[in-house]
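The structure under discussion appears below in the form of structure tokens.
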Amino acid sequence: MNIEQLVRANVRSLVPFSSARSEFTGTAEVFLDANENPYENGMNRYPDPYQKELKQEIAKWKNTKAEYIFLGNGSDEIIDILIRVFCTPTVDRIRYIHPSFSMYRISAEINDVDRIAIPLTTDFGIDVEACLRDQQPEDKILFLCSPNNPTGNSYSREILETLIKGWKGIVVVDEAYIDFSDEPSLIDSIEQYDNLVILQTFSKAMGGAGLRLGMAFANEELLSYMNKIKAPYNIGTETQKRAMELLANRSQIDTQIQTVLKERKSLKTQLEAMDLVLQVHRSDANFLLVQFEDPIPVMRHLIEKGVIVRDRSKEPGCSGCLRFTVGLPIENKRLIEALKTYKS
Ligand SMILES: *Cc1c(COP(=O)(O)O)cnc(C)c1O
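If you're matching positions, the sequence shown starts at 860 in this note's numbering and goes up one per residue.
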């Protein structure tokens, strides 16, 4: 696919910001180029604009190359950058599966980029034909999410690859919850599909929601356009440092993921045993989508008991549904106990 042709004309011709320090190679001892305060305090210098050290570590972890990685201030920033690289406001369009993560729509709206929502099937499957139908040159990006939020299910590699091959533009597969899924990541397909962008994040399994660090994986050419328009120092020094610390503690995170998976299973069993609960949807993520006859009074009751959950009952195909994040064992117990004291 000709990626360059998909890029907005003004981005293609843009001469990006360049710092004296990134143009310089060699070893320097005196930095008088960036108007910083010269007194060392651990943060007086601008951060590495391309986060080289952190990307090396992420590449080892994900078994890929540092050149295939882009980092953003959360996945939120990456979604916005992708839309700004490829979509001309008031001209181009994106498509996304629906219901899914709301930032695809919101980011497009902010950028005055038109949107087509492709409804999921009744069992939360992707309508492949509807995604690909009647694609115009203006339909630049297709956003997919697997495991999907809020439905919790993941999609097979086969379905995702059919979409990547059939779509004549960029396909974004958001894998924010991949660490909780049995389905493998598509990161190993970056070289095979030049229109594929994978999103992952430090916000969920990695325990770094407060850091604001999102990852995109794609080929170098595609990433070069994202690098062109990003704010020069979008990831702070402290974020880069703390992310390295999280990566050094991977074994602890793996244990936490195993506990969450065990809790997800036990929570599902306990919920299914309740008369109050109509259905617990299958989940490959760290949350459960649970259907009630009348969800709003249930949610109010939970709030009274100090338990906050997410109302998803207005999402298409999710009527009656609340979304429960899997918490600590003691927190999940409190959720179950609170539900047991509910009287309709
Ligand atoms: C939580 C979530 C993210 C994470 O966004 P960040 O900006 O990285 O915190 C991304 N995608 C989906 C589908 C999510 O649910």
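No residue lacks a Cβ here, since even glycine has one placed at the ideal position from N, Cα and C.
Treat the numbers as computed from the prediction; the structure is a model and nothing was measured.
Inspect the CB distances between the segment 934–951 and the segment 1052–1061 and report whether three or more fall short of 8 Å.
yes
Close Cβ partners of R871 (< 7 Å) along its chain, the five nearest in sequence each way excluded
In the sequence shown, residue 871 corresponds to position 12, counting from 1. If we look at R871 and ignore the five residues flanking it on each side, its Cβ neighbours are E863.
To the nearest angstrom, how far is the alpha carbon of I985 from that of S1203?
As a position in the sequence shown, residue 985 is number 126, starting the count at 1. As a position in the sequence shown, residue 1203 is number 344, starting the count at 1. Those two C-alpha atoms are separated by around 35 Å.
Between the C-alpha atoms of I1112 and L1045, what's the straight-line distance to the nearest angstrom?
To locate residue 1112, count along the sequence shown from 1; it is residue 253. To locate residue 1045, count along the sequence shown from 1; it is residue 186. Computed Cα separation, rounded: 21 Å.
Three-state secondary structure (DSSP) at A1035?
For the purposes of this step, residue 1035 is taken as residue 176 along the sequence shown, with counting starting at 1. Note: A1035 maps to coil in three-state DSSP.
For ligand 1, I want to know if G1073 counts as a neighbour, meaning its beta carbon is within less than 8 Å of at least one of the ligand's heavy atoms.
Reading the sequence shown from its first residue, position 214 is the one you call residue 1073. Flag set: Cβ of G1073 near ligand 1.
Classify R1123: buried if its beta carbon has 16 or more other beta carbons within 10 angstroms, exposed otherwise.
Sequence index remark: in the sequence shown, residue 1123 carries index 264 (1-based). The residue is buried, with at least 16 neighbouring Cβ atoms inside 10 Å.
Per DSSP, which one or two residues make a beta bridge with Y1204?
Any answer about residue 1204 is impossible in this case: the structure gives the chain only from 860 up to 1203.
Are the segment 1081–1092 and the segment 890–897 in contact at 8 Å, needing three or more beta carbon pairs?
no
Reduced DSSP secondary structure (H/G/I, E/B, other) of I1049:
On the sequence shown, position 190 is the one that residue 1049 refers to. I1049 falls in the coil class under three-state DSSP.
Start-to-end residues for the alpha helix (DSSP H) that takes in Q1150:
Locating residue 1150 in the sequence shown gives position 291, counting from the first residue. Counting along the chain, Q1150 falls outside any alpha helix (DSSP H), though it belongs to the beta strand (DSSP E) covering 1146–1151.
Of the residues P906, C1177, A868, E888, which one's Cα is nearest the Cα of G1095?
Counted from its first residue, the sequence shown places residue 1095 at position 236. Closest option to G1095, Cα to Cα, is P906.
Is there at least one Cβ from chain B nearer than 9 Å to S1013's Cβ?
Of the chains in the structure shown, none is chain B; there is only one protein chain.
Excluding five sequence neighbours on each side, which residues of the same chain lie with their C-beta closer than 8 Å to the C-beta of D1053?
Here residue 1053 is taken as the residue at index 194 of the sequence shown, counted from 1. M860, I862, N1078, E1080, L1081, listed in sequence order.
Give me, in chain order, the residues of the same chain whose beta-carbon lies closer than 6 Å to that of G933; leave out the 5 immediate sequence neighbours on both sides.
Stepping through the sequence shown from its first residue, residue 933 is reached at position 74. The residues are R1071, G1073.
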